[in-house]
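Everything below concerns the one structure shown next.
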Amino acid sequence: MQAVGIIAEYNPFHNGHQWQVAKAKELSRCPYAIAVMSGHFVQRGEPAIIDKWQRAAMAVSAGVDLVIELPVVFAVRSAQYFAAGGIRLLHSLGIVSHVCFGAEYADLSALTKVAGVMQQEQTLQDLRYNLKTGQSYAAALGKALQKHAGINIDFVASPNNILAFEYLRAIKQFAPTLVPVPVQRQYAPYHANRLTTPFASATAIRQTVLTYKEEKDLMALLTGVMPPSSVHILLDKLQQGCGPVTFDRFSAILLHTIRTMPLDQLQQLPDVAEGLHYKIKEAALRATSVSELTGLIKSRRYSFSRIQRILMHALLGTTQAQLISCDQTGPLYIRVLAFNRNGRNLLKHITSKAVLPVIIKTTGFLNSKQRNSTLDLSPLQSMLALDTLASDSYVFGFPNPDWHTGGWDFLHSPVYIPSTPIST
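Positions in the sequence shown are counted from 1; adding 10 to them yields the numbering used here.
Printed below as a string of structure tokens:
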């Protein structure tokens, strides 16, 4: 039994994602698709629009057979670590033969050439130097590649191309048996803010949800760009007051965290360098919201994504030492978020072939009492504890305060969706 793997955020799942899943199965000739998906916080350091279980349910309702969570220590990271975490997790399943990813230019030969240059020591040295000067990952990588291989910076600048390069690097380093399957993006540009049918960016969809409050208006607008099942799930969560979750809903808790955090502790947060902690502390005293805070900190040297990830690390209490340890081990568990009938069969094979334990119920590996006492936690439990803490923080973003209770990861089971898609 072989499956094609996809690494995604599904924030939220839309027609472009459904097209990619179908194309992945077609090109790989694999009958099943498994997605490794970010949990409650995504790669740019932002909270997802709705919770991880319902986003996973969207995917399983529209072509994906099994969705597994990418631990937060890899999900809220720069492209290199995000890609490495996803590839290592897919490889650990024991049944994934291909990995499909989108790119602005789906030329495997060209993408592989760039990924190869990225592995050269001179390129890596320049990349590290550029990053230390505060440049964004895209800018730092683009300059290093242009210097050593004459590669056009525009070819590197696209978020999807950057991830494509990093997937190829991670495959070579951690999973050389996986077959890469790049597909040409058929949907809107990554950060496009306007809805265009039938393919719209997730950014445009989220902006639409924030702009239009009436359910009938949203139904009319989203039906053309999202599968019916995804629209159904999204509107249901909005009606319950469990979305949309935005960064500004964390303003009070984040500003309190930064204002009360000692400077030396702030300096030790991942991605903080060259006195940035002073700027963050000063901005937190002046800002009244997260949007204002990031705006005060942002500069040519420090991108929004980097700043937002730093704020997320502060919120979750993630340390540089924890990230280094997790990068060395890679993901330590296979945590199931959603599956269909095919996915249930896949899980049987994964359980017998995987090199990592499969987590269906969190309490079988970590309970709240153990999490509250960090003295004797195993590396697996420490990694899992951060996921549960991310969930306990995430719920404060729900518009309806009745849903602000904690402990969701200890109570929530994976979502089972029949093979027949949900219809509105």
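Beta carbons are placed, not taken as given, at the ideal position from N, Cα and C, and that holds for glycine. Since the model is a prediction, treat every value here as computed from it, not as a measurement.
Nearest C-alpha to Tyr177 among Ala125, Arg138, Leu141, Ser168: Ala125. Ala89 carries a helical assignment under DSSP once its states are collapsed to helix, strand and coil. The Cβ atoms of Ala297 and Leu306 sit closer than 8 Å to each other.
Between the beta-carbon of Arg311 and that of Thr143 there is about 7 Å, and that keeps the pair under the 8 Å contact cut. With a cutoff of 8 Å on beta-carbon distance, Cys110 and Val52 are scored as not near each other.
Counting only the Cα atoms, Pro41 lies some 34 Å from Pro254.
In this structure, Asn171 lies away from Tyr91, with their beta-carbon atoms at least 8 Å apart.
Within the same chain, Cβ atoms closer than 7 Å to the Cβ of Thr373 are found at Phe420, the five residues on either side in sequence being excluded.
Counting only unbroken stretches of 4 or more residues, the alpha helix (DSSP H) elements lying wholly within the region 72 to 150 are 82 to 85, 89 to 102, 118 to 129, 131 to 142, in sequence order. Leu347 and Ala18 have their C-alpha atoms roughly 13 Å apart.
Under DSSP, Phe51 shares a beta bridge with Pro57. In this structure, the straight-line span from the alpha carbon of Ser102 to that of Ala364 is close to 6 Å.
The alpha carbon of Ile44 has as its nearest neighbour, out of Ser378, Asn410, Gly353, the alpha carbon of Gly353.
In this chain, Ala283 is not harboured by any beta strand (DSSP E), its DSSP state being neither H nor E.
Only exposed fits Pro272, as fewer than 16 other CB atoms lie within 10 angstroms of its CB. Within the same chain, and ignoring the five residues on either side of Arg98 in sequence, the residues whose Cβ sits closer than 8 Å to its Cβ are Ala180, Phe184, Ala185, Gly340, Pro341. No Cβ-Cβ contact shorter than 8 Å links Glu56 with Asp397. According to the DSSP assignment, Pro190 belongs to the beta strand (DSSP E) that extends over 189 to 194. Taking a C-beta distance under 8 Å as the contact criterion, Gly73 and Val14 do not qualify as a contact pair.
When rounded, the separation of the alpha-carbon atoms in Val127 and Tyr20 is 30 Å. Only residues of its own chain outside the window of five on either side were considered, and among them Tyr147 have a CB closer than 6 Å to the CB of Ser88, listed in chain order. Of the other Cβ atoms in all chains shown, 16 or more fall within 10 Å of the Cβ of Gly49; this residue is therefore buried. When rounded, the separation of the alpha-carbon atoms in Leu205 and Gln249 is 22 Å.
Distance from Val425 to Gly416 at the Cβ level is roughly 20 Å; contact not present, criterion being Cβ atoms closer than 8 Å. Separation of the CB atoms of Gln278 and Gln318 is rounded to 18 Å, and the pair is thereby denied contact status at 8 Å. Counting along the chain, Ile317 sits inside the alpha helix (DSSP H) bounded by residues 314 to 326. For Ile17, the enclosing beta strand (DSSP E) covers residues 13 to 18. For the pair Arg54 and Ser313, the Cα-to-Cα distance works out to about 10 Å. Across the structure, Pro428 and Leu37 are spaced so that their CA atoms are roughly 25 Å apart.
Excluding sequence positions up to five before and after Ala294, its CB lies within less than 7 Å of the CB of Leu265, Ile268, Arg269, Leu303, all in the same chain and listed in chain order. In this structure Leu357 does not touch Phe375 by the C-beta definition: roughly 16 Å separates them, more than the 8 Å allowed. By a beta-carbon distance limit of 8 Å, His158 does not contact Gln194. Their separation comes to about 27 Å. The alpha-carbon separation between Val241 and Val166 amounts to approximately 33 Å. Using a Cβ distance threshold of 8 Å, Ser239 and Met68 count as a contacting pair. DSSP places Arg345 in the strand class (E or B) of the three-state scheme.
In the displayed model, Ile263 falls within a helix according to three-state DSSP.
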